[in-house]
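*Asks:* So that we are looking at the same thing, I have put the structure below in structure tokens.
Residue numbers (the numbering used here): 1 to 131.
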């Protein structure tokens, strides 16, 4: 609902791992290479956005949330560098946000830009935590 009502959003998709097959490899807390399937991809006027939603509990306590976030940020850096041959053009830089449920509820009704800013602050704090 938030995405449909924001003028910044051009398009979005709720990803289904069986339909879309979009995944990001990462090494989980058990040391295994596994695939991570984010929740949404959003295209805005300025950038592409990978969005992961989490319960407040998982966002704060699940050790693999940080590992997935780091892998997703790396994938965004890689995808942002893709060079294409016209007329196909890499649409925009890619970014990643982690959206805990409590933060979503707190920010309900705010713009996507404001929500992204809050999520980036949250992610910065999460990345500083040790495992």
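Positions of the beta carbon are idealized from the N, C-alpha and C atoms, including for glycine. Keep in mind it's a predicted model, so treat the numbers as computed, not measured.
Say whether the region 76–93 touches the region 60–67, bearing in mind that this needs 3 or more beta-carbon pairs closer than 8 Å, one atom from each stretch.
*Replies:* At 8 Å Cβ cutoff, the stretches do not touch.
*Asks:* Tell me, which residues are paired with residue 43 by DSSP?
*Replies:* Residue 43 is bridged to 11 and 48.
*Asks:* Per DSSP, which one or two residues make a beta bridge with residue 36?
*Replies:* For residue 36, which the question treats as bridged, DSSP gives the partners 24.
*Asks:* Between the alpha carbons of residue 23 and residue 16, how many angstroms are there, rounded?
*Replies:* Going by the C-alpha atoms only, they are around 10 Å apart.
*Asks:* By DSSP, does residue 129 sit in helix, in strand, or in coil?
*Replies:* Residue 129: coil per DSSP, three-state reduction.
*Asks:* When you measure from the CB of residue 71 to every non-hydrogen atom of the ligand GDP, does any distance come out below 8 Å?
*Replies:* The ligand content of the structure shown is nil, which means the ligand GDP is not present either.
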